[in-house]
Each structure stands twice: as C-alpha cells, then as structure tokens.
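Chemist: Here's a structure for you.
Chains as they are written, first to last, in this note's numbering: chain A, 56 to 403; chain B, 56 to 403; chain C, 56 to 403.
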C-alpha cells in the first residue's frame with residue numbers, strides 16, 4: 056500500500072513547502088469517510104461544519120475558506136485540482152507484468168515494448184499492440200486489430216477485427232468493439248444479413264465502459280473522437296461519428312449513422328434515432344429520445360427531445376391538466392347558464 | 056437425470072405419508088407443459104379446468120380446491136411453497152469439480168475447501184475464495200478480491216480489484232463487479248479521469264444478473280445489501296448504497312451516490328439521477344425516471360417519478376387532451392357569440 | 056485482401072456479360088466514401104448529383120436512372136440486391152481454423168466436421184457442436200448444449216446449459232444464452248430463488264447481438280423463432296416465445312412469459328411488461344412501453360403503448376397544452392365579465 060508523509064504531499068502542491076512532519080498519509084477520502092490518515096477537500100464555505108467534524112488528517116480548502124481554528128487545513132487556489140493530484144499519487148499505475156504463460160499470442164502479432172498480457176487473453180493474427188499497453192485476463196484482440204500506446208483492455212473485453220485504437224484508450228470489462236452492426240434487408244421471405252465489413256476508429260484517450268458496444272461500420276467507419284468518455288452499457292451503432300470530448304452516460308443508445316459534435320453530453324438512457332446530427336457543445340438530458348437534428352450549443356430534453364425550456368413548460372403544464380379539465384367543465388356549465396340567461400333576456 | 060418416486064416426494068411434504076407407489080417422477084412443470092412424469096401446481100380454483108386437462112402425474116392444490124374426481128391431486132397448505140421444495144430437489148446442486156487443469160490460479164491466491172475453478176478462469180494475486188465456491192469458465196477474479204463461501208461466479212463474469220463478496224453470492228455471465236466508476240473533471244481543454252480507487256461490498260445471498268455492472272466507488276464503497284437481487288443489464292454507479300432485499304429489475308440504471316432503502320423494488324428500465332435517496336419499502340414502476348428523493352413505503356411512477364395515483368391521474372388526463380382542445384375551441388365560439396349578443400342587448 | 060476485376064463482378068450480375076477490362080475492384084462503399092477501386096449503388100434519381108461526384112469505379116443504378124454521360128454505371132433491375140451480392144463476395148467467409156491448442160474441450164463433447172474452436176474457448180461435458188460451426192476465443196459452451204451446423208459463437212460469448220441452437224445461429228461477443236431467469240418468491244423475510252431449470256431453444260438463422268441476454272425458462276422453454284434478429288444489449292426474459300423473423304432493436308427489454316408473433320418489429324429501448332402477447336406483423340415504435348396485449352398487424356407507440364395515430368394525436372396535443380392553459384384563463388376572464396354584464400342587465 057502506498058503511503059506518503061504529510062510533508063511529501065505538501066511539497067507536491069507547493070515545492071517551497073518545508074516541514075518535518077512524518078505523519079503518514081495512506082489515502083484520500085471524502086470528508087465523511089475520512090480517517091486520521093486520509094486527505095479530504097472542501098470547495099465551499101457551506102461545508103465548514105463538515106470540515107470541522109471530519110477525521111481527515113488535513114482538508115484542502117480554498118484560500119478564502121472561513122477560519123478553522125486548530126483544525127488542520129491547507130489553503131490553496133484550486134482545492135479540487137490539488138486533491139486530484141494527490142488522488143493520482145495513491146491511484147498509482149498498474150504494474151508492468153509482462154506476458155503471462157497462459158496468454159495466447161499468435162506468432163504473427165506484433166507487441167511493442169513493455170506490453171503486459173494476462174492469463175487467457177488471446178491476441179490473434181497480425182494484431183499490433185503499442186508500447187506499454189495492457190491486455191487483461193480473458194480479453195480478446197482480433198485479427199489485424201491495432202492498439203496504440205498505453206492502452207488498457209480490461210478482463211474479458213472483446214476487440215474484434217476492423218478496430219483501430221489510438222493511445223491511452225481504456226476498454227472496460229465485457230465491452231465489445233467492432234462487433235457487427237445491425238443491418239438486414241428483407242428479400243422475399245426473410246431478413247438477409249448485410250455483411251458488416253467496415254471499421255471502428257477510436258481516438259486517443261477514449262474510455263469505453265463495461266458492457267458497452269461500439270459496432271463496426273457496415274462500410275466505411277464508426278468513429279469515436281479523441282477524449283470522448285463512454286459509460287457502461289452504452290450502444291453506439293454502425294457508422295456513427297462521435298466527436299471529441301463527448302460524454303455518453305450509462306445506457307445511452309445511438310442508432311446507426313448518427314453524428315455528434317465535439318464536447319456534447321448525452322445523459323443516461325438517451326436514445327437517438329438513426330442518421331441524425333447532434334451539434335457540438337450540446338446537452339441532451341437523461342432519458343430523452345432524439346428524433347430530429349439538434350443544433351450546436353443547445354440544451355434539449357424529453358421524448359421527443361425539444362428545447363429544454365419548452366419541454367419543461369410542457370411538463371409543468373401536463374401536471375396541471377387534471378385541474379384544467381375540471382376548469383373547462385366548470386366553464387361549460389357557466390356558459391350554458393349564461394347562455395340560457397342571455398337567451399331569456401333576448402326573448403323578454 | 057434425477058428421478059424420484061411419487062412416494063418419495065409425498066414423504067418430503069408430509070413425513071407421515073406412506074404408500075407403495077413406484078411411479079417415477081422426472082421433473083416439475085407448468086400445468087400446460089406437464090407430462091405423465093411431472094408434478095405441477097395450482098393455487099386458484101379458477102384453474103380447475105386446466106388442472107383436469109393437465110397431463111401431470113400429480114397437481115399440488117390448496118386444501119379447499121374443488122373436487123377433482125379421479126384426477127390425482129395433493130391437497131396441501133401452501134402449494135407454491137411445496138412446489139418450490141420439489142423443484143429444488145430436481146434443480147440439484149452443481150457438482151464439485153475441483154480445479155480444471157486449464158484454470159490459471161496465482162500462487163498467492165487462497166482457495167478454501169471444495170472450491171471449483173473451471174477451464175480458462177483466472178484468479179489473480181492475493182485473491183481469497185471461500186469454501187465451496189465455484190468459478191466458471193473464463194471468469195476473472197482480480198487481485199486481492201475476497202469471495203465468501205458457496206459463491207457462484209458464472210462463466211465470463213469479471214470481478215475486479217476492490218470487490219469483497221459475502222457468502223452465497225451469485226454473479227451471472229458477463230456481469231462486471233468493481234469496474235471503474237464514471238468520474239471525470241474538466242480541466243482546461245479535456246476531461247480528466249478521477250482515479251476510481253474505492254471498493255465494492257456485496258452482502259450475503261446477493262444475485263447479480265448477466266451483463267450487469269456494479270461500479271467501484273471513487274472513494275469509499277459501493278454497497279449492495281444482503282439478499283438483494285439484481286436482474287440482467289442493470290447499471291449501479293459508483294458509491295451507491297443499495298439496501299437489503301431490494302429487487303432491481305432488468306435494465307435499471309442508477310447514477311452515482313444513490314441510496315435505496317431495504318425491501319424496495321425498482322421496475323424494469325427505471326433510471327435514477329445521482330445523489331438521491333429512495334426510501335425503504337418503496338416501489339418505483341417500470342420505466343420511471345427518479346429525479347428527486349422518494350420517501351419510505353410509497354409507490355412512485357412516471358417521468359419524472361411522482362406518487363403513483365397522481366401520475367395515473369395525469370396520464371388519464373393526457374389521453375383526454377385532444378378532446379379537451381376541441382371543447383375549449385367550442386367554448387371560445389360560444390363565448391364570442393354570447394358576448395356579441397350581450398353587447399347587442401347592452402346597446403339596445 | 057480479396058480483389059476482383061470489374062468484368063468478374065459484371066458476370067456475377069449478368070452471366071451473359073463479356074468484356075476484357077482488368078480494372079481491379081477491392082471493395083464496396085457508399086457513394087461518398089468511394090475510391091477508384093470500389094463499387095457503390097444508388098436507388099433513387101435524387102442521388103444523381105452524388106453519383107456524378109462519386110469516385111466509385113462503377114455505380115449500380117436502376118434501369119430508369121437519368122443519363123450519367125461518361126460516368127460508368129451499371130443499369131440493373133434491383134441495384135440494392137445486386138450490391139448485396141457483390142458485398143457478400145468481399146465479406147468472404149471466416150476461414151476454417153480447426154481446434155486451437157489452447158482451446159479446452161471436454162472429452163465427452165461431440166464436434167462435427169470442420170468445427171473451429173479458438174484459443175481459450177471452453178466446451179463442457181456432453182456438448183454437441185454441428186458441422187462447420189466456429190467457437191470464438193474465450194467463448195463458453197456449457198454442459199449438454201447443442202449447436203447446429205455453421206453457427207458462429209463470437210469471442211467471450213456464453214452459452215449455458217439448457218440451450219439448444221439451430222443451424223447458422225450467430226451469437227455476438229459477450230452475449231449470454233440460458234443464464235438464469237429472474238424468479239424469486241418472498242417467503243417469511245427474504246427473497247427465495249425459484250430454480251431456473253428450463254431450456255432455451257433458438258431457431259435457424261437467428262442472430263443475437265453483443266451483450267444481449269436470452270434467459271433460460273423457469274420451467275419449459277424460452278423460444279426464439281427461426282430468422283429472428285436481435286440487436287445489442289437486448290434482454291429476453293424467461294419463458295418468452297419470440298416468433299420468426301422478428302426484429303428486436305438495441306436495448307429492448309422483454310419481461311418473462313411474453314409472446315411475440317412472426318415478422319414483428321420492436322424499436323430500440325422498447326419495454327414489455329410480463330405475460331403479454333404482441334401480435335404478428337406488428338411494429339412497436341422505439342422507447343414504447345407495452346402494458347397490454349397488442350393485436351396483429353398494428354403500429355403502436357408510446358408509454359403506455361397505444362395505437363400510433365392516437366399516440367401522435369395526444370403528443371401533438373401535449374405540445375399545445377401551455378397555450379391551452381392560457382386560453383382557458385382568458386375564457387374564465389371573459390365569462391366572468393360576461394356574467395357580470397348579464398347579471399347587471401338582469402337587474403336593470
């Protein structure tokens with residue numbers, strides 16, 4: 056287990072720091088779960104009570120945080136970023152473990168320097184694995200697949216032929232890359248498979264969640280842009296073109312040939328109809344169903360997805376509907392009454 | 056194949072039973088699918104016709120079931136429970152098969168008595184597997200993972216470092232336990248991964264469905280309480296705290312840091328926004344989207360989830376909306392007419 | 056890489072063709088992605104501009120397509136079908152690779168002729184694999200499972216005991232067949248597992264998508280009819296009876312004991328409540344929730360699913376609701392005013 060002294064951590068954040076505390080820190084924690092050997096952080100003065108009550112050895116706070124008396128805090132510009140730095144120290148790096156004797160690597164595959172392949176992983180003909188990449192137990196790297204440097208393919212993930220991955224790509228367990236797209240044509244009396252012979256290209260620093268599926272293009276390419284992060288159980292259909300730094304939250308489903316611009320976010324369980332374009336910088340709220348193109352830099356929500364404020368207005372209105380029905384009934388009565396009165400007065 | 060005589064089964068339900076029938080029973084079945092060698096059951100007098108028509112050797116019925124003439128039935132207090140007992144006889148127990156020669160077990164792993172490990176399963180450094188547990192073909196048990204007694208980890212399931220499982224936990228195929236949570240912070244111009252270094256703790260008698268994902272906590276712990284049953288393709292985000300005896304039906308998606316009380320039920324495809332609390336004894340209907348806390352012992356439904364009766368009222372109202380629009384148009388006309396009449400009479 | 060001359064392809068479509076072009080064709084493509092060595096197609100005269108701009112060596116077009124001048128096209132009855140034929144040529148057939156030395160096959164399993172089993176695939180006791188079938192790396196074929204001829208079980212797929220597959224069945228990576236259904240009864244103070252001891256029967260020419268789960272029947276059988284195609288991340292519960300030539304699009308979830316007639320289509324993310332019957336020839340639109348039986352040859356949509364046109368009417372009405380609320384408020388005012396006027400005139 057990694058440990059650091061309090062002073063070592065302080066110097067990480069401020070090289071000018073010097074001290075002689077040999078207090079051992081064993082990890083990071085939330086304020087609530089802290090122990091006397093963890094570092095925690097708080098960005099907001101509202102958390103003062105929690106900071107005071109926390110067992111943490113030290114709490115990182117902004118420079119203008121209220122006074123904490125004897126409670127040890129480090130006042131610092133961006134506590135979240137500092138906390139992240141410390142967290143990364145404790146996260147460590149997965150060790151280089153080399154090729155396990157129970158790994159199965161085809162003689163024609165090319166492995167870079169410092170590649171680790173765990174037991175029962177299988178690397179097929181002609182695959183190329185970049186320097187420093189790690190292939191987990193039971194993972195499969197198909198024929199001709201190309202992986203860049205420092206990729207992590209977790210246990211039991213499957214990367215089939217047609218896939219080209221950039222550097223530092225992470226594929227979580229049971230995810231599938233380059234499985235066949237869903238393409239059939241009806242001829243005479245049954246569905247006839249359209250061969251799926253395109254590619255999947257995944258940019259640098261992409262992360263693909265557990266049990267997520269990025270389908271191979273029918274023809275051409277399914278593309279996931281650099282820096283895009285995909286949560287668990289997401290489906291990306293054949294021939295999609297997902298931009299850079301996009302977030303796809305868990306259980307999103309994207310039909311074939313959809314394009315999504317850079318920096319957009321699709322909330323959990325969003326569904327997108329085929330062949331649409333979602334702009335860049337756009338947010339689609341959780342559970343929305345996208346049924347037509349969405350412009351750049353907008354916020355959409357609902358089924359069908361529409362401009363967020365409009366959707367909220369309609370939803371608020373829906374909640375008033377039972378009341379509205381009563382009101383209309385009331386109006387009908389009043390009008391009938393009025394009408395009778397008026398007619399009477401007409402005939403007077 | 057397991058077989059019992061009719062008398063053996065009768066004695067199982069009633070030790071006082073004695074008889075000398077050597078009729079062989081080969082299994083259990085529904086009334087409709089029964090053969091002359093199966094046992095079926097019926098809890099409701101409405102099923103009398105089906106009971107009479109069934110080919111079953113014997114049908115378990117409640118004590119007050121109508122007369123069945125020559126049709127063999129066993130009248131018994133709780134036919135469903137009796138049927139369950141018999142079913143379990145035929146289900147049998149998976150046999151102890153020992154360690155397959157193609158299993159890969161790190162020398163530093165600790166295996167209890169009567170542990171079975173199938174071919175191409177991989178058990179990593181320092182993992183501990185309790186007595187009587189079974190690891191299926193191709194499953195992966197990561198470094199330092201702890202499993203209790205009599206667990207079943209099915210083929211191709213993945214249990215990554217950070218996971219601690221209780222006794223009699225069942226993990227179905229392609230499920231993933233302790234994969235990284237989905238946590239990123241945007242610094243400067245790209246998403247920056249927050250190391251996911253917490254744990255997953257799974258209580259006794261929990262069942263995790265095929266292709267379900269229980270993410271590792273960022274810090275601290277993702278917890279699944281004793282006796283909770285999780286269906287297929289369910290996503291439980293980092294740092295969730297799921298109570299005891301909860302049911303999560305297929306394709307439920309739970310964002311990070313959600314807590315759910317004991318004995319609650321989430322129907323299929325329910326989605327829950329992050330950091331919420333769902334009470335205990337609560338039912339959330341299928342396809343609901345939970346967007347705020349839900350109290351104990353309630354029934355919620357809809358998107359957004361709201362009290363069930365309220366949601367039903369609103370839904371019924373929505374179906375009347377096209378009619379309502381017509382009515383309002385009608386009212387507008389009538390009022391215009393009235394208004395003209397009144398104004399006329401005013402000016403008379 | 057497969058290559059054909061232009062003349063070879065022309066003769067495939069029209070045996071009477073003769074020519075002496077030795078232009079090499081290396082694949083098929085869309086119009087937009089074409090190169091000088093690919094074949095593309097266009098079914099619609101609206102695509103004339105794209106056809107003219109395409110770099111394709113040749114474009115397949117209908118006989119009545121507008122004049123294309125020097126641009127090489129092949130005029131043909133059904134360009135899509137012709138294109139499909141050519142695509143299949145380039146798709147090729149996965150080669151027979153035999154039994155990998157790192158495959159693990161129980162001595163009691165029966166393998167037909169020309170069966171391929173890749174590294175770290177596991178075939179258990181008594182399993183039977185038909186002629187020409189291929190078992191991918193890390194896939195698991197459980198005890199007693201039966202596979203027909205020419206099946207493809209992709210890498211890391213899991214087929215558990217109880218499954219019987221027909222001929223030419225394709226199971227994509229990380230899919231699970233015959234995992235336990237989700238069945239529990241509450242006895243005293245906890246959920247009690249109902250043993251899942253039924254079967255799964257999958258007809259000829261069925262395709263099961265990546266990370267999809269077809270659960271084993273509790274008793275009896277879960278059935279997938281001949282020619283049905285299932286996309287990724289679909290859940291089919293225990294004891295379902297899915298007809299022939301059905302399409303289940305990605306992330307569909309079907310509860311236990313549902314039946315679906317032949318030739319029906321369920322769009323992405325559709326959910327179906329247990330024990331319902333969906334007719335044959337029926338379409339259920341994406342994201343619908345089926346809460347009651349649906350007749351044959353209909354089009355349903357929405358939550359709850361209802362006849363498509365009705366659902367569309369209600370949805371259009373919902374968008375007008377905020378305006379309707381204003382109108383009703385306006386009417387209330389007018390009526391109040393009128394009412395005052397009338398009462399005044401009454402009392403005059």
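Ideal Cβ placement from N, Cα and C applies to all residues, glycine included.
Just so we're clear, the structure is a prediction, and the values are computed from it rather than from any experiment.
(1) Which runs of the beta strand (DSSP E), 3 residues or longer, sit entirely within the segment 221-252 of chain C?
(2) Does the Cβ of residue 86 of chain A have 16 or more other Cβ atoms within 10 Å, making it buried, or fewer, making it exposed?
(3) Kindly confirm or deny that the segment 324-333 of chain B and the segment 343-352 of chain B touch, where touching means at least three C-beta pairs closer than 8 Å.
(4) Please confirm whether residue 397 of chain B has its beta-carbon closer than 8 Å to some beta-carbon of chain C.
(5) Applying the criterion that 16 or more other CB atoms from any shown protein chain within 10 Å of the CB defines a buried residue, is residue 246 of chain A buried or exposed?
(6) If you draw a straight line from the alpha carbon of residue 167 of chain B to that of residue 221 of chain B, how long is it in whole angstroms?
(7) Taking the DSSP output, what are the residues bridged to residue 362 of chain C?
(8) Is the beta carbon of residue 96 of chain B sitting closer than 8 Å to the one on residue 134 of chain B?
(9) Go ahead and label residue 241 of chain B buried or exposed: buried means 16 or more other beta carbons lie within 10 angstroms of its beta carbon, across all protein chains shown.
(10) Would you mind reading off the limits of the beta strand (DSSP E) that contains residue 142 of chain C?
(11) Is residue 89 of chain B close to chain A? Criterion is C-beta to C-beta, closer than 8 Å.
(12) Can you check the segment 305-384 of chain C for any alpha helix (DSSP H) of at least 4 residues that lies completely inside it and give the ranges in chain order?
(13) Does the beta carbon of residue 111 of chain B sit closer than 8 Å to a beta carbon anywhere in chain C?
(14) Who are the Cβ neighbours of residue 164 of chain C in its own chain at under 6 Å, not counting the five residues just before and after it?
(15) Report the residues of the segment 141-154 of chain B with a CB closer than 8 Å to any CB of chain C, ordered along the chain.
(16) In the DSSP assignment, what residue or residues form a beta bridge with residue 82 of chain C?
(17) What residues of chain B sit near residue 215 of chain C, judged by a beta carbon separation below 8 Å?
(18) Counting only beta-carbon separations shorter than 8 Å, does residue 390 of chain B have a partner in chain A?
(19) According to DSSP, simplified to helix, strand and coil, what is residue 171 of chain B?
(20) Look at the alpha carbon of residue 297 of chain B and the alpha carbon of residue 269 of chain B, and state the distance between them as a whole number of angstroms.
(21) So what does DSSP say about residue 395 of chain C, is it helix, strand or coil?
(22) What is the residue span of the beta strand (DSSP E) that residue 255 of chain B lies within?
(23) If you draw a straight line from the alpha carbon of residue 101 of chain B to that of residue 119 of chain B, how long is it in whole angstroms?
(24) Give me the residue from C:311, C:137, C:206 with the minimum Cα distance to residue 263 of chain C.
(25) Flag residue 71 of chain A as yes when its Cβ comes closer than 7 Å to any non-hydrogen atom of the ligand FMN, and as no otherwise.
(26) Taking the straight line between their C-alpha atoms, what separation do you get for residue 142 of chain C and residue 231 of chain C?
(27) Contact check, residue 387 of chain C vs residue 386 of chain A under 8 Å by CB: the rounded distance?
(28) Looking at the structure shown, is residue 126 of chain A part of a helix, part of a strand, or coil, going by DSSP?
(29) Run down chain B in chain order and give the residues with a C-beta less than 7 Å from the C-beta of residue 250 of chain C.
(30) Between the segment 302-319 of chain C and the segment 282-291 of chain C, do three or more beta carbon pairs fall short of 8 Å?
(31) Whose Cβ in chain B lies nearer than 9 Å to the Cβ of residue 288 of chain A?
(32) Can you check whether the C-beta of residue 313 of chain C is within less than 8 Å of a C-beta belonging to chain B?
(33) In the DSSP assignment, the alpha helix (DSSP H) including residue 115 of chain A goes from what residue to what residue?
(34) Please identify the residue among B:343, B:261, B:323 whose C-alpha is closest to the C-alpha of residue 223 of chain B.
(35) Counting only the same chain and skipping the five closest in sequence on each side, list residues whose C-beta sits under 8 Å from that of residue 159 of chain C.
Modeler: Taking the geometry as given:
(1) If one requires a minimum length of 3 residues, the beta strand (DSSP E) runs lying completely within the segment 221-252 of chain C are 231-234, 239-242, 245-248, in chain order.
(2) That one is buried.
(3) Judged by Cβ distances under 8 Å, the segment 324-333 of chain B makes contact with the segment 343-352 of chain B, as three or more pairs qualify.
(4) Answer yes: the Cβ-Cβ gap between residue 397 of chain B and chain C drops below 8 Å somewhere.
(5) Buried, because 16 or more other Cβ atoms sit within 10 Å of the Cβ of residue 246 of chain A.
(6) In this model, residue 167 of chain B and residue 221 of chain B are separated by some 14 Å (Cα to Cα).
(7) DSSP, once it has assigned bridges, lists C:355 as partnering residue 362 of chain C.
(8) Between residue 96 of chain B and residue 134 of chain B, the C-beta spacing is below 8 Å.
(9) Exposed is the call here.
(10) Counting along the chain, residue 142 of chain C falls outside any beta strand (DSSP E), though it belongs to the alpha helix (DSSP H) covering 134-146.
(11) So no, residue 89 of chain B is outside the interface.
(12) Fully enclosed alpha helix (DSSP H) runs of no fewer than 4 residues occupy 363-374 of the segment 305-384 of chain C, in order along the chain.
(13) So no, residue 111 of chain B is outside the interface.
(14) Within the same chain, residue 164 of chain C has close Cβ partners 178, 182.
(15) Result list: 142, 143, 145, 146.
(16) Residue 82 of chain C pairs with C:93.
(17) Going along chain B in sequence order, the residues near residue 215 of chain C (Cβ under 8 Å) are 209, 210, 228.
(18) For residue 390 of chain B, the nearest CB of chain A lies under 8 Å from its own CB, placing it at the interface with that chain.
(19) In the three-state DSSP reduction, residue 171 of chain B falls in the strand class (E or B).
(20) Whole-angstrom Cα-Cα distance: 11 Å.
(21) Reduced to three states, the DSSP call for residue 395 of chain C is helix.
(22) Looking at the DSSP string, the run of the beta strand (DSSP E) that includes residue 255 of chain B is 254-257.
(23) One C-alpha to the other measures close to 12 Å.
(24) It is C:206.
(25) The model depicted lacks the ligand FMN and carries no ligand whatsoever.
(26) If I take the Cα positions, the gap works out to 29 Å.
(27) Indeed, because the Cβ distance is near 7 Å, the residues count as touching under 8 Å.
(28) Correct three-state label for residue 126 of chain A: coil.
(29) Here the neighbours are 142, 143, 146.
(30) The segment 302-319 of chain C makes contact with the segment 282-291 of chain C, as at least three CB pairs between them are under 8 Å.
(31) Neighbours of residue 288 of chain A on chain B, chain order: 266, 267, 268, 288, 289, 290, 306, 308.
(32) Taking Cβ atoms only, chain B never reaches closer than 8 Å to residue 313 of chain C, which makes this a no.
(33) Per DSSP, residue 115 of chain A lies in no alpha helix (DSSP H); the unbroken beta strand (DSSP E) holding it starts and ends at 113-117.
(34) For the options B:343, B:261, B:323, the alpha carbon positioned closest to that of residue 223 of chain B is the one of B:261.
(35) For residue 159 of chain C, where only same-chain residues beyond five positions count, the Cβ hits under 8 Å are 175, 176, 177, 178.
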